[in-house]
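These protein sequence lines are chains A and B, in that order. In terms of this note's numbering, the first sequence opens at residue 350 and continues consecutively. In terms of this note's numbering, the second sequence opens at residue 5 and continues consecutively. For every residue, glycine included, the Cβ atom is placed at its ideal position computed from N, Cα and C. Since the model is a prediction, treat every value here as computed from it, not as a measurement.
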Amino acid sequence: MSIQILEPEQSILGYVLKEQIGSGGYGEVWRAEAPGGIGKAIKFIFGNHSDSRAQVELKSLDKIKQVRHPFLLSLDRIEVVDGRLVIVSELADDSLVQTFDRYQLEGLAGVPREELLTYIKNAGDALDYISQKYNLQHLDIKPDNLLMAGGHIKIADFGLVKNIHNVTQSLMNGLTPTYAPPELFDGRPNKNSDQYSLAIVYQEMLTGLRPFNGTTPAQLAAQHMNAQPDLSMLSRGDKIVLQKALMKDPDKRFSSCVEMADELINRKARKSKGRPGLLKAAEKREQANTNKISSCHMGVTNELTSDRLAIRNVKVEAQPAVEMSTPVCRPTLVVGVGRTGTKIICQLRSKLSERIGRRDCYPAIKMICIDSDRRALARAAGAIRKEEAMLPQELLEIPLKAPQDYRENASRFSSWLSRRWIYNVPRTMQTEGLRPLGRLAFADHCEEVCLRLQQILTDITRPEAISETAHHLEMDPDQAPRIVLVGAASGGITSGCILDLAFVARTILSDLGVRECMFDGILAHIVSRQTREISVSNTFACLSELGHYIHNGYPGDESLGIPDFDDCLPFDNTYLYDFGSVVTDESYEEHAASISEYLFQNIATANESFFAATRAIETESEEVGFKSFGLTTIGASNCDHLIQQMFQALISSWTESKADNQFVKHQVELLTNQLFDIDDLSKTWAELTMVNLNRDGVDFVDRCLHQSQETGRLDVLNAVTSDLAEFVDNFDIHSLVARDVSESAKLFEENMLRYACLCGIRLGGTISIVQGIQAKVQALFEEVENRKQEIAIQQAAITQHLQALASTANSGDVEFIETIRRFVENRAQKCAIEAINTFCRHWASQLSTIDEKLQDHKRSVLLLGRVLQRKADVQDTPEPSNDFEKIQLQIEEQVQALIPSLVEEADQYLEETIFSQAGGFLAVIDPDGNKSRDLSDEMEDQSRIHIVNALQSIDFNSLLEPLLEPSNQLLDNIVARSNSSINKCGGTSNLLISFPKRSDQQPNLESLKQAFRADANVTHATTGEFLICTECKNIPISSFAFQLLEAHPDCFDLVQRIHTRSDIEWINLNQILS
Amino acid sequence: MTATQTGITQNSLLATILTDENFRPGEPQTVADTGIPSSLIESLIIKRLNIVGITSGRQLADYICLPFNLVEPIYQKLRSRQVITHRGSAPLNDYQYELTDAGRSAANTAMRHCAYVGPAPVPLIDYVLSAEAQTIRYESPKREQLSAAFEDISVEENLFEVLGPAINSGAGLFLYGEPGNGKTTLAQRITMCFGQEIWVPHAIYEDGQIIKFYDTAYHHVAKNEEQTILKASASDRRWIKIKRPTVMVGGELTLDALEIRHDPGSNVSEAPLQMKSNCGCLLIDDFGRQQVEPSALLNRWIVPLESRIDFLTLSTGKKIQVPFEQLIIFSTNLEPSDLVDDAFLRRIPYKIEIGDPSPTEFYRLFTAAAEKFECECPTDVVAYLLDEHYRKTNRKMRRCHPRDLLSQVKSYCTYNDLKMEIKNEYLDLVVRSYFTVVKGMG
């Protein structure tokens, strides 16, 4: 007879075979469909029906076919088809083995005891029935033969069913010795034989280990016959029961299987010694473990594998460029919650003041920091520049109180806050990362928060405020307000209250009658080594609560006065920003700067249109997706550094010596020629002396001669000499000189001061002039010395001559008189030279006085320069460590080259605005006056403005050209940095590249596109940097949450316990993950 | 500004969250955190040094249960005041300390002022908060907790129905019935319904007075089963974790045990019984047999039972408020109406009779006891016992009998080198010695 191969869709006996569900040494079992579609199981026994196996089966079936019991698999048909024995029976759902395997995969030891006991009792029931009523023993009880349907056991496979009273045949065929009782090896089945097998099944299914663990039939037989069972992994009660059930002597066992099952069941109620509380804890832990492991293993469990793996490492889809409309300027409120939020707000404030201007330029943009930590808020309030400091109305403190203060009004919080949190407020009065405490702090001060928010929102939605801001930012105004909430979801206070805060804001806006508004939430995820578990759990819990609100709506909170919102999410756009797995202080600052930059671009630049356009794209998926972003700016890394440099350059332009300056040289020349020519001077003074000497118009020499007519020459000489000496004594030329010098010096000083106020000359030039003149005076001194010497020599010569002449009596009188005259002249010149000497001395002292004054002024100017230096440390720029920084350095250098011309411009500007109005440069720099402070601020502002302008005119194109080579690593670097941090969770992304506003360069779009491998929107909107930003959306919550959990599975426990509200049935985390 | 938090509080917070405790005292970081004045800590230090002579800084800190880095500056202060001095070095950057002469006299003065030397006390307000946080009133034990708590004793089914609500109410409870039927056992198990352990302080400080609280007679330390992560976490060692207390007093109860007892010689006070049993149960056994009149006792508790606050007087005369958060159980063999009149009975809303066991229950008890002694319990022997020694002699069955009888059998078998078995003969022997054979007794 041919053996037919069985295949699906075959029809046998009117049943259509569907699929094979088992096979073994005996044959095969198929699932089939009976007429009408009812499921049945069909067992095909191998071999010819006349073979011994089939005969044995038939004989057993003979006995059992009359038996009906709910826990026995009922037989429908027994037939011989094509020479083969075919048995049709009802279809079971499952088998005990499969159930056991499932539990094992989940990480449990086996089937849970309660469940298993019901099965054992079922089986026992059936076995007792066939034993008592029909004297039959199944003799092949094993887990594979215990099928399940509807949660109850169905015993199957009656191939070895025996009547114990009529044992005719060897029992060893097809016997599975694992579960066989000893009497079977003797060939003497007993009414308690099945009980034995059932007991072994119980242990195996409960613990996974059998009492007899032999591997070969011989071993097992020996063990069953002789060895004691290994019951060590059972509890004491179970042990006692099984010991009895596994007695070698069947009469010593229980009187029925049901009795054994009952014993097992009752043991549980009595025997366990643990305390209920502990039991609960142990159960809870086990439960939690189950959850934890099952969720961890979700990636491994057969049914869910493919889905889970698909969620991991999903690439982000790049989208084409979006159509941007005109940018609008909205009334904006940015709320920073917690430490991170406050930091971001402060940075945003400084960016706004740096790039836009003072606060009152944009009254429709306001910020507020909310934190429970007083000290952090105080730090924010005292920033370095007063422009950047936060005003008191921008800071809101919501501190925690001591437990004593809460317990009196505990009823306020008891509806939603579990009591233990009130009693566990840390001594430091900080939330210390505990979310429920964050919500407690918020709830405690809810009224204050509402009031403040209301004030600000009323303020920013005034039409005048909006129009003024729009005007200043050069964008179109729009009435719909935007609210942005920023904070670290891994921190205590943000995680605890940000969702409720969003709804509070919504309530307030609707009270104010504002219909349309945009809500954005930026949730940062920061994990540092010390706070890992709590941070991750906080973020996860926050996300799960967000998920709950998305699925089930927000139930409101009566105690806080927040109404419910059924179809409204807390945020229209929720952004997730991951700070990365390793957070150091610098990376923290960097990321915070990125976020604040993102906010700035969104609020105050024309790039707003890009973001609005990306948000407006309709999404196809029904699931609410998260968004994320990544941002890089390439600009001068240290703008402050450049500003410092410019400031210093301005100062030095005022004070450095300008000896080479044309004007200076000219002046020195002029003055030298005017005042310090030695020939001029000596002529002048000599003439003066002569004039004075020749009193009354009478020539001195004539007079002398006249006087001493009769006397000899010698006498004449003596007379002349003495008269001259008398004259010189009385002639006070020096005071004349002094007076003259002081007058000139005064004039000179005035001139100098005037020059000092001149643009381009200033103090430096003036001091140079003075120094030049001083040099000239010094030169004059030397010349005077020389002349003196000359004159002395002359005098000596003439005197000698005169004496010679005087002693000889008979040389001509004319010669004598000539010589006398010459003598007198010489004397006059000597006087003149001395006068010049005095002249020089006086001038020198006057000049040094003037110089002193000027130096004083210079010092005050330098003092001014130090003011800025005090405010910020000038560090040496370190060597560029990567290409990225090299670019930054290049940009800096470019700007530095422009500084001198910028300085000139700034100087001009200052001259026009400040100096001319305040009475001149010197008046302003006077340290006693209070104008110097204003001056330094103004100088700083001007430096800033000029540098920023210069930055805008940088030629980015030329800088970027080498960058955009496809092989350039730096590009990948940049792209990586500007990518969203959550870039493994899928979603779609849009790319924005923005050039500075003033630059009129047209970028090379093609190369850009190639470089970034995406279509980018290009704008000219920034205030001096080159910006690359990736905005991603449609990231499913489950991906991010799953990633989080995968990386930190031990936080699962924690998450359940730190939900903020105990009055809400939070959705199971597994639901989020699915 | 860094992105990180202090790691010190981190672990203890994690511990608090993970263990589902309602209250967990965190380690104090500064003297201000401890809530007690620095002078008190100093006096504890010098008194201890006076007793022990030389000790290392860490050991001293361990003894007074404060963290070492909190106490170290105090050591330095005392050193600079020349009260203590170094005597050598100890491991881990520590020193051995010793008192100077001035220190010794200061210690003696301190001892005369107050002789308490032990763990540093906690301020009263902290204790009050802890009692409120750990109160039993918010734990409502349901059927499962009760059955779990009573699983190893034998309780009639209908008793659950009465006991459950009584326990839930947190009000007073009368248990009455014949002696030997398990009233005390039951009362002890009641505390187990509430589960969990609680934290109590070693001593309390208020207004200059130190009140000793932790009492090893009633407070049993909870076994430390938690993982190492929690061991590493720092909790305040001035608090000790105990199982919920069941304070039992019998005939020796006097009224002043219910007030703060002050020893004028040593100037140390002891907390009253009801304070020690806060967050647990107070069992007054043999109610009616005390020296004090029952009505006087009940009078004492009328106000606290209603308002849940007890007023106690310190030795300085100051009145303090402490919470009164426990279940009071009065257990008596006498009839309640014999003891107190209706007005008082009204205040104790639950009066539960514990009756004699039924034969079935008796049998079960026997079987359970037999199991404990690891021997078989044949039904016929028990039937014989019931028949012979109870029915015939009209003796009443009590729940304690099975265990007591069997233990006598066990001793008998051990003495006679017999295998432990329950036989009629043995029982006969034992019964004779156990029950007084006086006519009319039963």
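From the listed residues A:Val1173, A:Glu1099, A:Val430, A:Val684, the smallest Cα separation to Leu806 (chain A) is found for A:Val684.
Closest by C-alpha distance to Leu1403 (chain A), out of A:Ser943, A:Val932, A:Val885, is A:Val885.
Close to chain B, meaning a Cβ-Cβ distance shorter than 8 angstroms, are the following residues of the region 776-800 of chain A: Arg776, Thr777, Glu781, Gly782, Leu783. Using a CB distance cut-off of 8 angstroms, Tyr772 (chain A) counts as an interface residue toward chain B. Taking the Cα positions, Ala1255 (chain A) is about 45 angstroms away from Ser721 (chain A).
A check of alpha carbon separations from Asp506 (chain A) across A:Ala738, A:Pro1398, A:Lys408 identifies A:Lys408 as the nearest.
Look at the beta carbons and you see the region 379-398 of chain B not touching the region 204-224 of chain B: under three pairs across the two are nearer than 8 angstroms. Where Leu424 (chain A) is concerned, there is no enclosing alpha helix (DSSP H), although the beta strand (DSSP E) around it starts and stops at 424-430. One finds Arg769, Tyr772, Asn773 in chain A with Cβ atoms closer than 8 angstroms to the Cβ of Phe27 (chain B), taken in chain order. Nearest Cα to Phe920 (chain A) within the set A:Trp765, A:Val853, A:Asn956, A:Phe889: A:Val853. Using a 10 angstroms sphere on the CB of Pro340 (chain B), the tally of other CB atoms reaches 16 or more, which defines it as buried. Beta-bridge partners assigned by DSSP to Glu368 (chain A): A:Arg380. Exclusion of the five residues before and after His1150 (chain A) leaves Thr1168 as the residues of its chain whose Cβ lies within less than 7 angstroms of its Cβ. Under the Cβ criterion of 8 angstroms, Gln1237 (chain A) is not counted among the residues facing chain B. Annotation: Cβ neighbours of Arg756 (chain A) in chain B (cutoff 8 angstroms, chain order): Leu133, Glu136. Its Cα nearest to that of Pro183 (chain B), the residue B:Ser335 stands out among B:Tyr438, B:Tyr419, B:Ser335, B:Gln412. Under the three-state reduction of DSSP, Tyr218 (chain B) is assigned to coil, being neither helix nor strand.
When the beta-carbon positions are compared, Cys678 (chain A) and Thr818 (chain A) come within less than 8 angstroms of each other. Asn1175 (chain A) is positioned such that its CB atom lies closer than 8 angstroms to that of Ile1140 (chain A). Judged by DSSP in its simplified three-state form, His223 (chain B) adopts coil rather than helix or strand.
Within the region 799-858 of chain A, the alpha helix (DSSP H) runs of at least 4 residues that lie entirely inside it are, in chain order, 812-822. Taking C-beta atoms under 8 angstroms as the contact rule, Asn1383 (chain A) and Met673 (chain A) fail to qualify, at a distance of about 20 angstroms.
Judged by beta-carbon spacing, Tyr772 (chain A) lies beyond the 8 angstroms limit of Leu390 (chain B), meaning their Cβ atoms are not closer than that value. The beta carbons of Glu46 (chain B) and Ile78 (chain B) sit closer together than 8 angstroms. In the displayed model, Asn54 (chain B) falls within a helix according to three-state DSSP.
One thing to note: Phe420 (chain A) has its Cβ no nearer than 8 angstroms to the Cβ of Ile490 (chain A). For Tyr142 (chain B), the neighbours in chain A by C-beta distance under 9 angstroms run, in chain order, Arg768. The Cβ-Cβ distance between Asp915 (chain A) and Gly929 (chain A) does not fall below 8 angstroms. For Gln753 (chain A), a Cβ of chain B is located within less than 8 angstroms of the residue's own Cβ. The beta carbon of Ser1292 (chain A) is closer than 6 angstroms to those of Ile992, Met995, Phe996 in its chain, skipping five residues each way along the sequence. Counting every other CB atom within 10 Å of its CB across the protein chains shown gives Lys700 (chain A) a total of 16 or more, marking it as buried. Out of A:Cys917, A:Arg881, A:Glu882, A:Asp1412, the CA that lies nearest to the CA of Tyr898 (chain A) is found in A:Cys917.
At a cut-off of 3 residues, the continuous stretches assigned as beta strand (DSSP E) that sit fully inside the region 326-353 of chain B are 331-336. For Thr923 (chain A), the closest alpha carbon among the candidates A:Gly910, A:Ala838, A:Leu858 is that of A:Ala838.
Of all residues in the region 118-130 of chain B, only Ile129 come within less than 8 angstroms of chain A when Cβ atoms are compared, listed by chain position. Between the alpha carbons of Tyr438 (chain B) and Ile288 (chain B) lies a gap of roughly 27 angstroms.
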